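Residues in the sequence shown are numbered consecutively from 3, following the numbering used here.
Heads up, the beta-carbon is just placed ideally off N, CA and C, and yes, glycines get one too.
Predicted, not measured: the structure shown is a model, and the values here were computed from it.
Report on one structure; see the data block that follows.
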Amino acid sequence: MSTVSLIASIVLGVTFVVAGGAKIAAGPAWPVHVRDLGVPMIIAPVLPWVELLIGAALIAQLFEPWAAWAAIALTIAFSALIALRLAQGNRPVCACFGAWSAKPIGPRHLVRNAAMLVLGVLSLFG
């Protein structure tokens, strides 16, 4: 694995761990925000734990390349959901990082997710 690939994997992993941990720390407020965003409520309780697992696997270099593919797939799903809401003129709170991200969604969320996708791809090809 190249240095670039390793760094990309670790940075992406840390991002996923922070996002998952922040959602858990937000407590009952987070599922309300995620419902407003349009995430199916059956997924809401599990999502932060999935993010933590994916992030930890990326940091520890476990289950490669599957952890990177999982991060890419989840980021694409979030991006599609954000793009759909923006296209509908709906700007709910993202809550992507729990209480730390209390601003309504906007194009900056798609830019951030594009950067995460770049990290995911770089972590695959190293």
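query, result
"Count the other C-beta atoms from every protein chain shown that fall within 10 angstroms of the C-beta of residue 80, then say buried if there are 16 or more, exposed otherwise.", "buried"
"Any contact between the region 9-20 and the region 58-70? By contact I mean 3 or more CB pairs, one from each, below 8 Å.", "yes"
"Report yes or no: is there a C-beta of chain C within less than 8 Å of the C-beta of residue 97?", "Protein chain content of the structure displayed is limited to a single chain, and chain C is not contained in it."
"Can you tell me whether residue 32 is buried or exposed? The criterion is at least 16 other CB atoms within 10 Å of its CB, across all chains shown.", "buried"
"Alpha carbon to alpha carbon, what distance is there between residue 84 and residue 118?", "15 Å"
"Excluding sequence positions up to five away, which residues of its chain have a Cβ less than 6 Å from the Cβ of residue 101?", "28"
"Using 8 Å as the threshold, is the C-beta distance between residue 90 and residue 11 below it?", "no"
"Classify residue 86: buried if its beta carbon has 16 or more other beta carbons within 10 angstroms, exposed otherwise.", "exposed"
"Using 10 angstroms around the beta-carbon of residue 21, count the other beta-carbons present and answer buried if the total reaches 16, otherwise exposed.", "buried"
"Pull up the distance between the alpha-carbon of residue 109 and that of residue 39, whole angstroms please.", "15 Å"
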